[in-house]
Amino acid sequence: MKKILVVTASPLAENSVSCQLAGVFMKNYQEVHPEDQLKCIDLSRLELPEIDEELIAYFNGQSDSDNGAYTEIDTLCEEFMAADKTVFALPHWNLIVPPKMISYSLAVMRAGRSFRYTEKGPVGLLKNKKTLILMASGGTCNTDNPVMHCYGVDWLKGILGLCGIKDVSVIYAQGMEEQPDKTQEIMNNACLEVEAFSKEW
């Protein structure tokens, strides 16, 4: 049995394209892999603590705080580290991802847990894991155009690589606000791509 972690971050929930893609993935993946364990985390519903002096001290083992919020982010960290496959279903906001996704990454991708520093540089500790990024964008973001490029995907691939996760796939649902007359077609094509991928992954 493999553990699959699905992370969403849109406050629009089921009305968001990214969350709909996550739903398509979970439905089709579970049909083909009923023995695997799926868990979904909606970051938009979580109150993640701010990265302040106290939390940094806690991360560095310099605080014995029993703050409940710290217990929650420790649980999130353990779930991320334990997952064999992780799916991030995210909207593309202002060339990057929602702030709560950034807060989540800071909470779960920690030095000493998911990677460590050596004399030769950082070494990822999460090996043989896979990640799928489902990125929803009103514009066409899978481009070299610097004012539309999806830096969020680059950033996410970078921090996943820091943790040792190199097997990263990306599926886009993009251009729906640029071509409103093709919204349904774009969505249908993205759903078909997610469905096919989930059955083979």
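Numbered according to the numbering used here, the sequence shown spans residues 332 to 532. In this text, a Cβ means the ideal position worked out from N, Cα and C, and glycines have one as well. Being a predicted model, the structure only gives us computed values, none of them experimental.
query: Identify the residues that DSSP records as bridge partners of K461: which are they?
result: Position 130 of the sequence shown, counting from 1, holds the residue named residue 461. Per DSSP, K416, D498.
task: Count the C-beta pairs between the stretch 378-394 and the stretch 467-474 that are closer than 8 Å, then say yes if the count reaches three, no if not.
output: The answer is no - the stretch 467-474 does not touch the stretch 378-394, with fewer than three Cβ pairs under 8 Å.
task: Could you check if P365 is buried or exposed, using at least 16 other CB atoms within 10 Å of its CB as the buried criterion?
output: As a first step, residue 365 must be located in the sequence shown, where it is residue number 34. With fewer than 16 other Cβ atoms inside 10 Å of its own Cβ, P365 counts as exposed.
- prompt: Quick one: Cα of Y503 to Cα of F528, how far?
  reply: Counting from one through the sequence shown, the residue named residue 503 turns up at place 172. Counting from one through the sequence shown, the residue named residue 528 turns up at place 197. Distance between Y503 and F528, taken at the CA atoms: about 12 Å.
message: Here's a check: name, in chain order, each residue in its chain whose Cβ is nearer than 6 Å to the Cβ of V478, leaving out the five neighbours to either side.
response: Indexing the sequence shown from 1 puts residue 478 at position 147. Answer for V478: no residue qualifies.
- request: Mind reading off the beta-carbon distance from V338 to I372? Whole number of angstroms is fine, and I expect it under 8 Å.
  value: Here the question's residue 338 lines up with position 7 in the sequence shown. Here the question's residue 372 lines up with position 41 in the sequence shown. 5 Å between Cβ atoms; contact.
Cβ distance (whole Å) where G495 is taken to contact K458 below 8 Å: Locating residue 495 in the sequence shown gives position 164, where the first residue counts as 1. Locating residue 458 in the sequence shown gives position 127, where the first residue counts as 1. The pair is a contact, with the Cβ atoms about 5 Å apart (cut-off 8 Å).
- request: Name the two residues that bound the continuous beta strand (DSSP E) containing L336.
  value: Numbered from 1 along the sequence shown, position 5 holds the residue referred to as residue 336. Taken as a continuous stretch (DSSP letters only), the beta strand (DSSP E) holding L336 covers 334-339.
Rounded C-alpha distance that separates I387 from Q393: Numbered from its first residue, the sequence shown carries residue 387 at position 56. Numbered from its first residue, the sequence shown carries residue 393 at position 62. For I387 and Q393, the distance between alpha carbons rounds to 8 Å.
Outcome for Q351 when other beta-carbon atoms lying within 10 angstroms are tallied against a minimum of 16: Your numbering for residue 351 matches position 20 in the sequence shown. Answer is buried; the Cβ neighbour count reaches 16.
task: Drop a sphere of 10 angstroms on the beta-carbon of P430, count the other beta-carbons inside from all chains shown, and report buried for 16 or more, exposed for fewer.
output: Locating residue 430 in the sequence shown gives position 99, counting from the first residue. P430 is classed as exposed because its beta carbon has fewer than 16 other beta carbons within 10 Å across all chains shown.
query: For L491, is the classification buried or exposed, using 16 other Cβ atoms within 10 angstroms of its Cβ as the cut-off for buried?
result: The residue labelled residue 491 in the question sits at position 160 within the sequence shown. The residue is buried, with at least 16 neighbouring Cβ atoms inside 10 Å.
Where D383 sits in the DSSP three-state scheme: Translated into the one-based positions of the sequence shown, residue 383 becomes position 52. D383 falls in the coil class under three-state DSSP.
Residue range of the alpha helix (DSSP H) that includes V428: As a working mapping, residue 428 is identified with position 97 in the sequence shown. Where V428 is concerned, there is no enclosing alpha helix (DSSP H), because DSSP gives it neither an H nor an E.
- request: With DSSP as the reference, label R376 as helix, strand or coil.
  value: Position 45 of the sequence shown, counted from the start, is the residue given in the question as residue 376. Three-state result, R376: helix.
task: Verify whether the separation of the beta carbon atoms of V439 and A353 is less than 8 Å.
output: In the sequence shown, the residue the question calls residue 439 occupies position 108. In the sequence shown, the residue the question calls residue 353 occupies position 22. Not a contact, by the Cβ cut-off of 8 Å.
query: With respect to the beta strand (DSSP E) encompassing T449, which residues constitute its N-terminal and C-terminal limits?
result: One-based indexing of the sequence shown puts residue 449 at position 118. Under the DSSP assignment, T449 falls in the beta strand (DSSP E) whose first and last residues are 446-449.
query: Bridge partners of C371, per DSSP?
result: Your numbering for residue 371 matches position 40 in the sequence shown. Paired residues: V337.
query: Within 10 angstroms of its Cβ, does L523 collect 16 or more other Cβ (buried), or is it exposed?
result: Locating residue 523 in the sequence shown gives position 192, where the first residue counts as 1. By the 10 Å Cβ count, L523 comes out exposed.
query: Is it true that the CB of K460 sits closer than 8 Å to the CB of K292?
result: Lying before the first or after the last residue shown, residue 292 is absent from the chain, which here runs from 332 to 532.
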